[in-house]
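Participant:
Residue numbers (our numbering): 53 to 407.
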């Protein structure tokens with residue numbers, strides 16, 4: 053800024069040159085302003101002085117706005133920009149629009165910045181009603197590109213402030229090295245997670261996962277969804293007679309045709325004796341005598357007949373902690389429904405698995 057100001061003074065009688073220098077001063081001023089703002093943001097995040105300002109809003113609308121902005125930049129570099137946010141509904145959630153937008157634009161602008169002309173960028177997002185937190189929605193946002201990528205060594209420190217790739221390839225690209233540090237700080241404020249996979253010369257994929265609270269209106273809309281399960285066969289595995297009686301009534305009322313098993317060993321025997329297509333899904337309790345749900349699932353998954361070993365299995369258990377969900381997935385289960393059963397949530401999970 054100081055250098056171009058001096059040049060403009062020296063060439064005050066040459067309007068074309070002065071206009072050129074003023075343009076450079078304007079560009080440099082914008083860059084300096086963004087640098088100062090980033091440093092201030094990083095300082096506030098690190099000191100714990102940032103709080104989310106959550107208001108009812110549509111994540112789909114925020115995603116669409118960010119995509120429209122980046123599409124303009126992508127076109128200038130002749131990049132192919134593919135977006136798929138159809139997996140996100142228009143339901144309203146409690147969200148800080150400005151800061152979610154900051155996450156999206158930081159990641160998307162990096163993809164544009166570090167992808168050479170003629171490359172491609174993919175922007176994908178999906179939404180599911182949370183099985184871990186009733187009344188919440190889970191979001192997965194992925195941005196991938198086929199740009200210059202990053203080394204494994206650099207990936208280890210990408211979220212550190214002022215970290216930038218040091219190479220001749222990126223030396224001419226403006227940046228402060230604060231973008232991803234700020235992005236990680238905001239994602240942490242949301243209680244979410246961010247992960248990055250990259251390979252030098254092949255490209256980068258950034259994945260952000262967030263859980264956002266549904267507004268009361270959105271929760272009522274979700275609860276009102278009517279699913280049609282008529283003709284779908286379930287093998288229901290539960291050792292407690294009262295639990296079985298309650299669940300059977302709920303499931304039959306929803307249209308399911310049920311077959312019961314009182315423990316995991318009986319369930320395995322019934323699956324082995326069945327023909328492909330006899331069961332559309334297995335609802336599996338975990339804590340049972342003779343054989344628990346984890347072991348039963350592992351044995352079913354080990355069957356040679358792929359049509360039987362691949363039957364969707366959903367854990368339905370009072371063990372509702374995150375580690376229990378992890379154990380269920382490690383055993384080969386497709387989903388996890390906590391007890392006591394939220395009927396609407398259960399229907400939603402089963403509908404998702406059954407397509």
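Each residue gets a CB set at the ideal place from its N, CA and C atoms; glycine is no exception.
So what's residue 135 in DSSP terms, helix, strand or just coil?
Facilitator: Taking the first residue of the chain shown as position 1, residue 135 is located at position 83. Strand, per DSSP.
Participant: Check whether the Cβ atoms of residue 311 and residue 287 sit closer than 8 Å, and answer yes or no.
Facilitator: Locating residue 311 in the chain shown gives position 259, counting from the first residue. Locating residue 287 in the chain shown gives position 235, counting from the first residue. Taking 8 Å as the Cβ cut-off, residue 311 and residue 287 qualify as a contacting pair.
Participant: Three or more C-beta pairs closer than 8 Å, one from the stretch 239-256 and one from the stretch 193-200: is that the case here?
Facilitator: Cβ pair count under 8 Å is three or more, so yes.
Participant: Excluding the five sequence neighbours on either side, which residues of its own chain have a C-beta within less than 6 Å of the C-beta of residue 223, listed in chain order?
Facilitator: As a first step, residue 223 must be located in the chain shown, where it is residue number 171. Residue placement at residue 223 is poorly supported in this model, since its pLDDT is 43, which falls under 50; the coordinates still yield a value, given next. Nothing listed; no residue qualifies.
Participant: Within its chain, find whatever has a CB closer than 6 Å to the CB of residue 159; leave out the 5 residues flanking it on each side and keep chain order.
Facilitator: The residue given as residue 159 occupies position 107 in the chain shown. Around residue 159: 195, 258.
Participant: Would you please state the rounded distance, in angstroms, between the beta carbons of residue 89 and residue 118? I believe it to be under 8 Å.
Facilitator: For the purposes of this step, residue 89 is identified with residue 37 of the chain shown, where counting begins at 1. For the purposes of this step, residue 118 is identified with residue 66 of the chain shown, where counting begins at 1. Not quite, the Cβ-Cβ distance comes to about 18 Å (not below 8 Å), so this is no contact.
Participant: Taking buried to mean at least 16 other C-beta atoms within 10 Å of its own C-beta, is residue 378 buried or exposed?
Facilitator: Position 326 of the chain shown, counted from the first residue, corresponds to residue 378. Exposed: under 16 other Cβ atoms inside 10 Å.
Participant: With distance defined between alpha-carbon atoms, name the residue in 230, 406, 149, 98 nearest to residue 162.
Facilitator: Numbered from its first residue, the chain shown carries residue 162 at position 110. Of the candidates 230, 406, 149, 98, the one whose C-alpha sits nearest the C-alpha of residue 162 is 230.
Participant: Could you tell me which whole alpha helix (DSSP H) segments of length 4 or greater appear in the stretch 356-405?
Facilitator: Counting only runs of 4 or more, we get 358-361, 374-383.
Participant: Thinking residue 96 and residue 140 are a contact (beta carbons under 8 Å), I'd like their distance in whole angstroms, please.
Facilitator: Taking the first residue of the chain shown as position 1, residue 96 is located at position 44. Taking the first residue of the chain shown as position 1, residue 140 is located at position 88. Contact flag wrong, Cβ pair sits at about 29 Å.
Participant: Which residue from 166, 175, 145, 142 puts its Cα closest to that of residue 156?
Facilitator: Looking up residue 156 in the chain shown gives position 104. Among 166, 175, 145, 142, the Cα nearest to that of residue 156 is on 175.
Participant: Nearest by alpha-carbon distance to residue 234: which of 384, 91, 59 is it?
Facilitator: For the purposes of this step, residue 234 is taken as the residue at position 182 of the chain shown. That would be 91, whose Cα lies nearest to the Cα of residue 234.
Participant: How big is the Cα-Cα spacing for residue 136 and residue 170?
Facilitator: If you number the chain shown from 1, residue 136 lands on position 84. If you number the chain shown from 1, residue 170 lands on position 118. Answer to the nearest angstrom: the Cα atoms are 20 Å apart.
Participant: Using C-beta distances below 7 Å, list every residue in its chain close to residue 337, excluding the 5 sequence neighbours before and after it, in chain order.
Facilitator: On the chain shown, residue 337 is found 285 positions in, with the first residue counted as 1. These residues qualify, in order along the chain: 289, 290, 291, 345, 368, 369.
Participant: So residue 129 and residue 102 are supposed to be a Cβ contact under 8 Å. How far apart are they, rounded?
Facilitator: Translated into positions along the chain shown, residue 129 becomes position 77. Translated into positions along the chain shown, residue 102 becomes position 50. In fact, because the Cβ distance is near 32 Å, the residues do not count as touching under 8 Å.
Participant: Among 186, 243, 237, 248, which residue has its Cα nearest to the Cα of residue 208?
Facilitator: Walking along the chain shown from the start, residue 208 turns up at place 156. Residue 248 is the option with its Cα nearest to residue 208.
Participant: Where does residue 108 fall in DSSP's three states?
Facilitator: As a working note, residue 108 is residue 56 in the chain shown. Looking at residue 108 - three-state DSSP - the assignment turns out to be strand.
Participant: Can you give the beta carbon distance from residue 424 to residue 353, rounded, assuming they're within the 8 Å contact cut?
Facilitator: Residue 424 is absent from the structure shown; the chain starts at 53 and stops at 407.
Participant: Under 7 Å Cβ to Cβ from residue 123, same chain only, skipping five residues before and after it: list those, please.
Facilitator: Counting from 1 along the chain shown, the entry for residue 123 is found at position 71. Excluding sequence neighbours, residue 123 sits near 133.
Participant: Give the straight-line distance between the Cα atoms of residue 56 and residue 93, rounded to the nearest whole angstrom.
Facilitator: Along the chain shown, one-based indexing puts residue 56 at 4. Along the chain shown, one-based indexing puts residue 93 at 41. Going by the C-alpha atoms only, they are around 29 Å apart.
Participant: With respect to the beta strand (DSSP E) encompassing residue 196, which residues constitute its N-terminal and C-terminal limits?
Facilitator: Position 144 of the chain shown, counted from the first residue, corresponds to residue 196. 188-197 is the span of the beta strand (DSSP E), which, as asked, contains residue 196.
Participant: How far does the beta strand (DSSP E) with residue 299 in it extend, from its first residue to its last?
Facilitator: Here residue 299 refers to the residue found at position 247 when the chain shown is read from its first residue. Here residue 299 belongs to no beta strand (DSSP E); instead the alpha helix (DSSP H) covers 293-305.
Participant: If you check the beta carbons only, do residue 242 and residue 266 fall under 8 Å apart?
Facilitator: Residue 242 sits at position 190 when you count from the first residue of the chain shown. Residue 266 sits at position 214 when you count from the first residue of the chain shown. Against a cut-off of 8 Å, the Cβ pair of residue 266 and residue 242 comes out as no contact.
Participant: So which of 321, 325, 335, 293 has the shortest CA-CA distance to residue 309?
Facilitator: To locate residue 309, count along the chain shown from 1; it is residue 257. The shortest Cα separation from residue 309 among 321, 325, 335, 293 belongs to 335.
Participant: Rounded C-beta distance between residue 190 and residue 205? I'm assuming under 8 Å.
Facilitator: By one-based count along the chain shown, residue 190 stands at place 138. By one-based count along the chain shown, residue 205 stands at place 153. In fact, because the Cβ distance is near 32 Å, the residues do not count as touching under 8 Å.
Participant: Rounded to a whole number of angstroms, what is the C-alpha to C-alpha distance between residue 306 and residue 397?
Facilitator: The residue given as residue 306 occupies position 254 in the chain shown. The residue given as residue 397 occupies position 345 in the chain shown. The straight-line gap from Cα to Cα measures roughly 13 Å.
Participant: Relative to the C-alpha of residue 138, which residue among 357, 177, 279 is closest?
Facilitator: The sequence position of residue 138 within the chain shown is 86, counting from 1. Nearest of 357, 177, 279 to residue 138, Cα basis: 177.
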